[in-house]
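The working numbering applies: residue 14 is where the sequence shown begins, and numbers increase by one. Backbone N, C-alpha and C define an ideal beta-carbon position, used for all residues, glycine too.
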Amino acid sequence: MNVLIINAGSSSLKYQLFDMESEQIVAKGLAERIGIDGHLKHTPVTNGKPVFEANQPMPTHSEAIAAVLDKLTSAEYGVVSSLTEIGAVGHRVLHGGQKFSKSVLIDDAVIAAVEECIPLGPLHNPANLMGIRACQAAMPGVPQIAVFDTAFHQTMPEFAYTYAIPYKYYEKYNIRRYGFHGTSHRYVSAEAIRLLGNKPNSRVITCHCGNGASIAAVKDGKCVDTSMGLTPLEGVPMGTRSGSIDPAIIEFVANLEGLTRQEVFEVLNKKSGILGVSGVSSDFRDVEAAANDSENPLSHRAQLALDVFRYNVAKYIGSYMVTLGGADAIVFTAGLGENSPELRQSVADWLSGFGVRIDSEKNKLRGKLVDITGEGSTVKVFIIPTNEELVIARDTKAIVEG
Ligand code: AMP
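Spelled out as structure tokens, the structure:
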């Protein structure tokens, strides 16, 4: 069966077509600037056909989906001869609120529930719905599956997801910790448990460190705590997000700078984190380069930004050792987690008092699944490249096949 994976954003739509016999991607691409001037890049992966890339009008997600399906089936750039060869579509959906603890077949009730979650995911859920509706219209009768970023974290105990604010806010508005990057934490924790020889009662701490970053505590395959909260703003600092701060800073900055609440919120989401502290970039590569360049006037701030990030990742891991009563494995994944030996070394150094050691030679490897545990370490340390799309494709196939 071929499964199409759709990740719809407000003005973009990423896609991959998987052949589920081999679990290989046969084509992938990105439709961008939807509602602006429209741009499509389509890459056939397995059959040697050429890449297509051009501007083309896409006023809405419907035209974007039509353009994608056209390329997937075209004689020149296609990978299937007709749409009947696409057995199902899996959609990445940001927020499933408390309603979804696993992936589901999309029907009217699911769409209504995703709509109800729009206040919790105001930027992403409407875009995800546009992608779903466009696919339903273009491929009637083809099963559509929703895979939620929040679902894996629904196993958190009440005391871990409850904020110490008036309880009525939870009762009235469902304000609680939800957590994100769930598909990634689920995939890499399952891989880690496999590497641990399917040890019973396993305790795994997963660090998804990319432009967005979150840490999760996984007990026997189930999430018991995670660093992101009601929104992805909480937790460790990120590319442009502050992560956890004293909430009083919001009013303080609003008063001092004459900003509205909305504007402060924008600063915390888009101008903080690594970018805000370093003044260099939200991209960790740029910040690492600036930190290593003593001639750069922002060198100190770049190093400080990295130190703040690494220290906070280590602090969360330490706190999740309390949550789990120790740890069998720590996993690094996503852009930075998979590619930055400096991050992994620094975090291991902070955790040395807990018996964490990594092998400095193996730690030089990038972007591969590798056990970097050092001699004498009491905790295994793994680099596990994440594969959220594969999880979505597997869930989609499993649901369609019942
Ligand atoms: P992601 O959101 O998972 O795509 O991760 C993006 C982040 O990973 C960006 O900030 C990148 O700078 C960072 N990243 C990717 N490759 C490297 C690398 N080789 N060294 C350090 N950071 C990297």
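- Not one heavy atom of the ligand AMP lies closer than 7 Å to the C-beta of ARG357.
- Counting along the chain, GLU401 sits inside no beta strand (DSSP E); it lies in the alpha helix (DSSP H) bounded by residues 401-413.
- The alpha-carbon separation between LEU311 and SER116 amounts to approximately 45 Å.
- By the Cβ test, the stretch 33-40 is not in contact with the stretch 152-167, since fewer than three Cβ pairs between them sit closer than 8 Å.
- The shortest C-alpha to C-alpha distance from SER75 to any of ALA101, GLY100, GLU45, PHE65 is the one to GLU45.
- The DSSP-derived three-state label of ASN68 is strand.
- When the beta-carbon positions are compared, LEU43 and ILE99 stay at least 8 Å from each other.
- In this chain, the beta strand (DSSP E) harbouring ASP32 covers 26-32.
- Where CYS220 is concerned, the enclosing beta strand (DSSP E) starts and stops at 216-222.
- With 16 or more neighbouring CB atoms inside 10 Å of its own CB, GLY195 falls in the buried class.
- When the beta-carbon positions are compared, LEU118 and ILE412 come within less than 8 Å of each other.
- Within 10 angstroms of the beta-carbon of HIS313 lie fewer than 16 other beta-carbons, which makes it exposed.
- It is roughly 7 Å from the alpha-carbon of ALA21 to the alpha-carbon of ARG105.
- Annotation for GLY234: SER202, ALA203, ILE206, SER215 place their beta carbon closer than 8 Å to its own, counting only its chain and skipping 5 residues before and after.
- At least 8 Å separates the beta-carbon of PRO398 from that of LYS377.
- Taking the C-beta atoms as reference points, VAL102 is found nearer than 8 Å to MET152.
- With the rule of 3 Cβ pairs closer than 8 Å, the stretch 164-181 does not count as touching the stretch 143-152.
- Checking the 7 Å criterion, the Cβ of GLU301 is within range of a heavy atom belonging to the ligand AMP.
- GLY242 sits in coil when the DSSP states are folded into three classes, being neither helix nor strand.
- Apart from the 5 residues on each side of it in sequence, HIS221 sits with its Cβ closer than 8 Å to the Cβ of HIS194, SER197, HIS198, VAL201, SER227, ILE228, ALA229, THR346, ALA347, GLY350, THR399 in its chain, given in chain order.
- DSSP places PHE322 in the helix class (H, G or I) of the three-state scheme.
- Inclusion of MET241 and GLY192 in the CB contact set at 8 Å is warranted, their separation being smaller than that value.
- Under the DSSP assignment, ALA340 falls outside any beta strand (DSSP E); it carries neither an H nor an E label.
- Proximity to THR56 across GLU247, ARG370, PRO72, THR86 peaks at THR86, based on C-alpha coordinates.
- In the three-state reduction of the DSSP assignment, CYS148 falls in the helix class.
- Selection around the ligand AMP by beta-carbon proximity, strictly under 5 Å to any non-hydrogen atom, yields GLY223, ASN224, ASP296, PHE297, ARG298, ALA347, GLY348, LEU349, ASN352, SER353 in chain order.
- Under the three-pair Cβ rule at 8 Å, the stretch 129-136 does not count as touching the stretch 59-76.
- In the structure shown, LYS84 falls within a helical segment according to DSSP collapsed to helix, strand and coil.
- Between the stretch 355-370 and the stretch 182-190, the count of C-beta pairs closer than 8 Å stays below three; the two stretches do not touch.
- Going by DSSP, HIS55 is part of the beta strand (DSSP E) stretching over 52-57.
- DSSP places GLU45 within a strand segment (E or B) once states are collapsed to three.
- By alpha-carbon distance to ARG254, the top candidate from CYS236, LYS284, VAL266 is LYS284.
- Rounded to the nearest angstrom, the Cβ distance from VAL217 to ALA342 is 5 Å, consistent with a contact under 8 Å.
- When ALA303, HIS52, VAL369, ALA125 are compared, the shortest CA-CA separation from ILE330 is found for VAL369.
- Where GLY100 is concerned, the enclosing beta strand (DSSP E) starts and stops at 99-106.
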